[in-house]
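Notes follow the structure.
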Amino acid sequence: MTLEEIRGRLQGDIPGCQAELVVNGSPSAQNSLLIDRQHGLEAARLLRDRLHLDFCSNVTAVDWPDQDKTEKIKTKQTVDGVEKEVEETRKTKIPGYLEVVYHLFSMTNKEGPVIVRMRTANRTDDVTLPSLTPVWRSAEFQEREAFDLYGVVFEGHPDLRRILMWEGFTDHPMRKDYVPPPDDDLEILRER
Amino acid sequence: MDQDLKTELSKHGIFATSFEELYNWGRKNSVWPLTFGLACCAIEMIATTMARYDLARFGAEVFRPSPRQADLMIVSGTVTKKMAPQVVRLYNQMPEPKYVIAMGACAISGGPFRDGYNVLKGIDRFIPVDVHIPGCPPRPEALIHAFMALQDKISAQHLTGESRPRHLKQELPSEFPVPEFGEHGLEPAQNDEIFHNPLKVLQG
Amino acid sequence: MTQVAPPEAQQDNLLEISMGPQHPSTHGVFRMDVRLDGERVMRLKPVFGYLHRNHEKIAEAASYLSAIPYTDRLDYLCSMTNNWGYALAVEKLTGLTVPERAEYIRVIVAELTRLQNHAGMVGFLLQDMGASGTPLMYAFRERERVLDLFESLSGARMMCNYMRFGGVRVDCSAEWLSQTAKLVAGFNSFLDEFEQLLTGNEILMARTQGVGLLPRELAINAGVTGPGLRASGVNYDLRKVDRYGVYDRFQFRVPLGEQGDVFDRYMMRVLEMRESLKILEQALRDIPPGPIMDPKARLRGLRPKAGEAYGRIESPKGELGFYLISDGSPNPYRYRVRPPSLINLTVLEDMCLGHNIADVVVILGSIDIVMGEVDR
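Set out below in structure tokens:
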């Protein structure tokens, strides 16, 4: 099945589900589907049971930080009674999010990959996503790793705690804005 | 004692030595390591104990699984911040005299993984190291060379006097404080009594 | 998930022990918190992270080329196949094609890696059962011969750093190919000797048959791949499914198990070694002359177009995958390793419940994990 057909199936069978095609620019031609997080669990069940995508191979978390966009806009302004064209620089903030990408294959039909993505609302306070561990058990440790290193909270995960770092650790090290603790050697080298 | 006299006597079956030489000879030829492999260097350590590069002929006959029965800890592989308290605890549990070989670039200074947030930049931040082996991973012959260097170090130790080793000096500690897991790293980040940061020393 | 729950009154009498991280049989720095009722396992929770070396973060700060030596150190017994997995993912991302001779060389070194990995796994499994290192000595004797070949080809015994994007780093000589042919010719008799000593051995059979059963549906759902999956009866070998490289030109069978116990997983390794020998004979016979690098490939300053790719290979441990997201800069934006050993461990608790603590060691040995890959 092509991705368009899968998208049609998801949007048709699950009311309210929104799936968007994300095109990939590289020669690998591995396009993916962006599914909204409210219907993530239902969509996963459909993919596993009806489309026989029984093997979830890889669960990856990606950090997209907030971006500042500066654009120069020409506007008309009245200055001292004369209408002039003035150039204004406007800065807009594009909010960032955390994204989790699932690579799905079918062991029974020897097909794949079907790539599915889900995004959180932002990077600060609303970082929850539905856990797909009840559907594919292979996501259990990988979602724990996404929680540990990125801070994505998976609702419905049977045992969500840190897996690679120790329990008292407070940072999420794989995020792009992580600052490691001060290290004497590097500070001395920087001073030189 | 004169070396020629010693050789002459030994031809007649009379063996003359000092207590110190005999003591060191016995200790250096029966150093039993602890089974302590952390990462890739552990595989080269296992290869050194196998039939091709046999380490047992140097006295490392059995690798003891319990630290209470071992003399030598070969720290082979990257020491991460999560593993560091266990390494120090194991070192504390070994009875004196005990030695540490830091095998591989990771155990010496963090190695290729030095920039990692979970990597301890060298095990000598917390425990004293006797022999360092460079390499990534060092060849089995390099580990044998390090073992022989350790044997030379043991045979050069004096039992009395100011230059006697640590385990014969009552006032020096044989156990070192175990670091705790902090919120951003280990607390303390290094043991300042034994770790002398070479860059700070150069700075003055 | 099968749960064996003791009656409420016995909950307080359970003995909780922590096996590891320093333990003679945990295959590296791995810890298991086990709750026992006498000697039977009631609960088992694995603890990871003791070898978490931040491979992904370091690779995101470095260029594509400088991540190759770090992939050597993932599954440190099989550096050639790790390199291949990463090179495949980058070739998918950039659209490079690999010339034929390089593809044949890649198959030859990958199958040699599989031989020495499976021989080592059988040796370590027997050592965990108490055979005190003798089968391991035999396995390492053959492994040293394979490592000699790797050293003369790539310059290093273990961390070979051999594959490049679009081919391999150096060409192999005719002398090297004839030495490999000699090793392959002698390997069958080593396997016969090994099997004669081990496969019919009554201690091995008593300790491995019926122990650590992994049902088929659980294996698929939990993402188990590699010999562990095929021991449970699922015919899924990436060399046949994806047909990456030139594997579709070789005749070889995929052995399948019936029950998914430790004995089946052990026999999988032995049978796969024999199939690897067949592939090696065919590859050594058919290798063509020619270039070893794609002429379009630029090693330094590789800047792939923005996009993403997922490339996977059948490594000796299972499906090793690399997921790369590029944003047009010389460093990858997101670099992710799909570790087969970590995902194969998802079912460790299920396989160990109800067994004795001594069986836990044997079951862990049969999954064949390497901590460099589990923790990355």
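Protein chains in written order, with our numbering: chain P, 3 to 194; chain L, -14 to 189; chain V, 7 to 382.
Backbone N, C-alpha and C define an ideal beta-carbon position, used for all residues, glycine too.
Values in this document were obtained by computation on a predicted structure and should not be read as measured data.
Next on the checklist: According to DSSP, residue 81 (chain V) sits in a beta bridge with which residue or residues?
Outcome noted: What you label residue 81 (chain V) is simply residue 75 of the third sequence in a count that begins at 1. None, per the DSSP bridge assignment.
Checklist entry - Are the segment 111 to 119 of chain L and the segment 82 to 96 of chain L in contact at 8 Å, needing three or more beta carbon pairs? => result A contact exists between the segment 111 to 119 of chain L and the segment 82 to 96 of chain L.
Next on the checklist: Using a Cβ-Cβ cutoff of 8 Å, what residues of the segment 148 to 178 of chain L are near chain P? List them in chain order.
Outcome noted: Against chain P - using a Cβ distance shorter than 8 Å - the residues of the segment 148 to 178 of chain L are 166, 167, 168, 169, 170, 174.
Next on the checklist: Would you say residue 139 (chain P) lies against chain V (beta-carbon separation less than 7 Å)?
Outcome noted: The count along the first sequence starts at 1 and reaches residue 139 (chain P) at position 137. Interface with chain V (7 Å Cβ-Cβ cutoff): residue 139 (chain P) is included.
Next on the checklist: Which same chain residues end up closer than 7 Å to residue 215 (chain V) when comparing Cβ atoms and leaving out the 5 residues on each side of it in sequence?
Outcome noted: For the purposes of this step, residue 215 (chain V) is taken as the residue at position 209 of the third sequence. By the criterion of a C-beta distance shorter than 7 Å, residue 215 (chain V) is surrounded in its chain by 267, 269, once the five residues flanking it on both sides are discounted.
Checklist entry - Listed from N- to C-terminal order along the chain, which residues in the segment 51 to 79 of chain V have their beta-carbon within a distance smaller than 7 Å of any beta-carbon of chain P? => result Here the close residues are 54, 55, 58, 62, 63.
Next on the checklist: Give me the subset of the segment 154 to 173 of chain P whose CB atoms are less than 8 Å from a CB atom of chain L, sorted by chain position.
Outcome noted: Using a CB distance below 8 Å, the part of the segment 154 to 173 of chain P facing chain L consists of 166, 167, 168, 169, 170, 171, 172, 173, ordered along the chain.
Item to check | Selection from V:350, V:304, V:280 that minimises the alpha carbon distance to residue 97 (chain V) | outcome: For this step, residue 97 (chain V) is matched to residue 91 along the third sequence. Residue 97 (chain V) has its Cα closest to that of V:304, out of V:350, V:304, V:280.
Checklist entry - Residues in its own chain within less than 8 Å of residue 219 (chain V) by CB, not counting five upstream and five downstream? => result In the third sequence, residue 219 (chain V) corresponds to position 213, counting from 1. So the list reads 265, 266, 267, 357, once near-sequence residues are dropped.
Checklist entry - residue 37 (chain V) lies in the beta strand (DSSP E); which residues open and close that run? => result Here residue 37 (chain V) is taken as the residue at index 31 of the third sequence, counted from 1. Segment 37 to 43, the beta strand (DSSP E) holding residue 37 (chain V).
Checklist entry - What separation, rounded to the nearest whole angstrom, lies between the Cα atoms of residue 58 (chain L) and residue 92 (chain L)? => result For the purposes of this step, residue 58 (chain L) is identified with residue 73 of the second sequence, where counting begins at 1. For the purposes of this step, residue 92 (chain L) is identified with residue 107 of the second sequence, where counting begins at 1. The straight-line gap separating the alpha-carbon atoms of residue 58 (chain L) and residue 92 (chain L) is approximately 12 Å.
Item to check | Alpha carbon of residue 23 (chain L) to alpha carbon of residue 15 (chain P), nearest angstrom | outcome: Within the second sequence, the letter at position 38 stands for residue 23 (chain L). Within the first sequence, the letter at position 13 stands for residue 15 (chain P). Distance between the alpha carbons of residue 23 (chain L) and residue 15 (chain P): 51 Å.
Next on the checklist: Strictly under 7 Å for the Cβ-Cβ distance: is residue 378 (chain V) near chain L by that measure?
Outcome noted: The residue given as residue 378 (chain V) occupies position 372 in the third sequence. Residue 378 (chain V) counts as touching chain L.
Checklist entry - Mind listing which residues of the segment 48 to 77 of chain P have their C-beta closer than 7 Å to chain L's C-betas, in chain order? => result Here the close residues number zero.
Item to check | The beta strand (DSSP E) enclosing residue 130 (chain P), as first and last residue numbers | outcome: For this step, residue 130 (chain P) is matched to residue 128 along the first sequence. 130 to 132 is the extent of the beta strand (DSSP E) around residue 130 (chain P).
Item to check | Limits of the alpha helix (DSSP H) - the one that residue 234 (chain V) falls within | outcome: Locating residue 234 (chain V) in the third sequence gives position 228, where the first residue counts as 1. Segment 233 to 237, the alpha helix (DSSP H) holding residue 234 (chain V).
Next on the checklist: Let me check understanding here. Comparing Cα to Cα, which of P:137, P:144, P:153 lies closest to residue 127 (chain P)?
Outcome noted: Taking the first sequence and counting its residues from 1, the one referred to as residue 127 (chain P) is at position 125. The shortest C-alpha to C-alpha distance from residue 127 (chain P) to any of P:137, P:144, P:153 is the one to P:153.
Checklist entry - What does residue 111 (chain L) touch in chain V if you count any residue whose Cβ is under 9 Å from its own? => result As a first step, residue 111 (chain L) must be located in the second sequence, where it is residue number 126. Within chain V, no C-beta atom comes less than 9 Å from the C-beta of residue 111 (chain L); the nearest is roughly 16 Å away.
Item to check | Secondary structure of residue 8 (chain P), DSSP reduced to three states | outcome: Counting from 1 along the first sequence, the entry for residue 8 (chain P) is found at position 6. Helix.
Item to check | Status (buried if at least 16 other CB within 10 Å, exposed otherwise) for residue 41 (chain P) | outcome: Counted from its first residue, the first sequence places residue 41 (chain P) at position 39. Burial call: buried.
Next on the checklist: If contacts are defined as beta-carbon pairs under 8 Å, then residue 310 (chain V) and residue 99 (chain V) qualify, I think. What distance do you get, rounded to the angstrom?
Outcome noted: In the third sequence, the residue the question calls residue 310 (chain V) occupies position 304. In the third sequence, the residue the question calls residue 99 (chain V) occupies position 93. At roughly 5 Å, the Cβ-Cβ gap stays under 8 Å, so residue 310 (chain V) and residue 99 (chain V) are in contact.
Checklist entry - For residue 18 (chain L), which residues does DSSP report across the bridge? => result The residue labelled residue 18 (chain L) in the question sits at position 33 within the second sequence. Beta-bridge pairing links residue 18 (chain L) to L:57.
Next on the checklist: Measuring straight from C-alpha to C-alpha, what distance separates residue 112 (chain V) and residue 252 (chain V)?
Outcome noted: For the purposes of this step, residue 112 (chain V) is identified with residue 106 of the third sequence, where counting begins at 1. For the purposes of this step, residue 252 (chain V) is identified with residue 246 of the third sequence, where counting begins at 1. Pairing residue 112 (chain V) with residue 252 (chain V), the inter-Cα distance amounts to about 9 Å.
Next on the checklist: Distance cutoff 7 Å, beta carbons only. Does residue 183 (chain P) sit that close to anything in chain L?
Outcome noted: Along the first sequence, one-based indexing puts residue 183 (chain P) at 181. For residue 183 (chain P), the answer is yes, since a Cβ of chain L falls inside 7 Å of its Cβ.
Checklist entry - Which bits of chain V does residue 27 (chain P) rub up against, with CB to CB less than 8 Å? => result If you number the first sequence from 1, residue 27 (chain P) lands on position 25. Listed along chain V, the residues sitting closer than 8 Å to residue 27 (chain P) by beta-carbon distance are 311, 312, 313.
Next on the checklist: Would residue 67 (chain L) pass as an interface residue toward chain P - the criterion being a Cβ-Cβ separation below 7 Å?
Outcome noted: Taking the second sequence and counting its residues from 1, one reaches residue 67 (chain L) at position 82. Closer than 7 Å: yes.
Next on the checklist: Quick check on the DSSP output: what are the complete alpha helix (DSSP H) runs of length 4 or more inside the segment 94 to 153 of chain V, in order along the chain?
Outcome noted: Listed in chain order, they are 106 to 132.
Checklist entry - In this structure, does DSSP put residue 364 (chain V) in helix, strand or coil? => result Walking along the third sequence from the start, residue 364 (chain V) turns up at place 358. Reduced to three states, the DSSP call for residue 364 (chain V) is helix.
Item to check | Residues near residue 128 (chain L) in its chain [Cβ-Cβ closer than 6 Å; skip 5 each side] | outcome: To locate residue 128 (chain L), count along the second sequence from 1; it is residue 143. Counting only Cβ-Cβ distances below 6 Å, and skipping sequence neighbours, we find 33.
Checklist entry - Under a three-way DSSP split, which group does residue 60 (chain P) fall into? => result For the purposes of this step, residue 60 (chain P) is identified with residue 58 of the first sequence, where counting begins at 1. When secondary structure is reduced to three states using DSSP, residue 60 (chain P) falls in the strand class.
Next on the checklist: Just to make sure I have the definition right: I need the residues of chain V whose C-beta is within less than 8 Å of the C-beta of residue 35 (chain L). Which are they?
Outcome noted: Counting from 1 along the second sequence, the entry for residue 35 (chain L) is found at position 50. Result: 142, 143, 146, 147, 150.
Next on the checklist: Taking 8 Å as the limit between beta carbons, can you name the residues of its chain near residue 9 (chain V), skipping five residues before and five after?
Outcome noted: Here residue 9 (chain V) refers to the residue found at position 3 of the third sequence. Bear in mind that a pLDDT of 45 at residue 9 (chain V), under 50, signals an unreliable position, so the number given afterwards is only what the model happens to contain. Contacts found: 359.
Item to check | Chain-ordered residues of the segment 9 to 36 of chain P with a beta carbon less than 7 Å from chain V | outcome: Near chain V, meaning a CB-to-CB distance below 7 Å, the residues of the segment 9 to 36 of chain P are 26, 27, 28, 29, 30, 32.
Checklist entry - With distances taken from CA atoms, which of V:260, V:245, V:261, V:262 is nearest residue 254 (chain V)? => result Your numbering for residue 254 (chain V) matches position 248 in the third sequence. Checking every option, the nearest Cα to that of residue 254 (chain V) belongs to V:245.
Item to check | Alpha-carbon spacing of residue 60 (chain P) relative to residue 118 (chain P), whole angstroms | outcome: Counting from 1 along the first sequence, the entry for residue 60 (chain P) is found at position 58. Counting from 1 along the first sequence, the entry for residue 118 (chain P) is found at position 116. Within the model, the alpha-carbon separation for residue 60 (chain P) versus residue 118 (chain P) is close to 11 Å.
Next on the checklist: As a quick exercise: from V:163, V:210, V:146, pick the residue whose alpha carbon is nearest that of residue 124 (chain L).
Outcome noted: Position 139 of the second sequence, counted from the first residue, corresponds to residue 124 (chain L). Nearest C-alpha to residue 124 (chain L): V:163.
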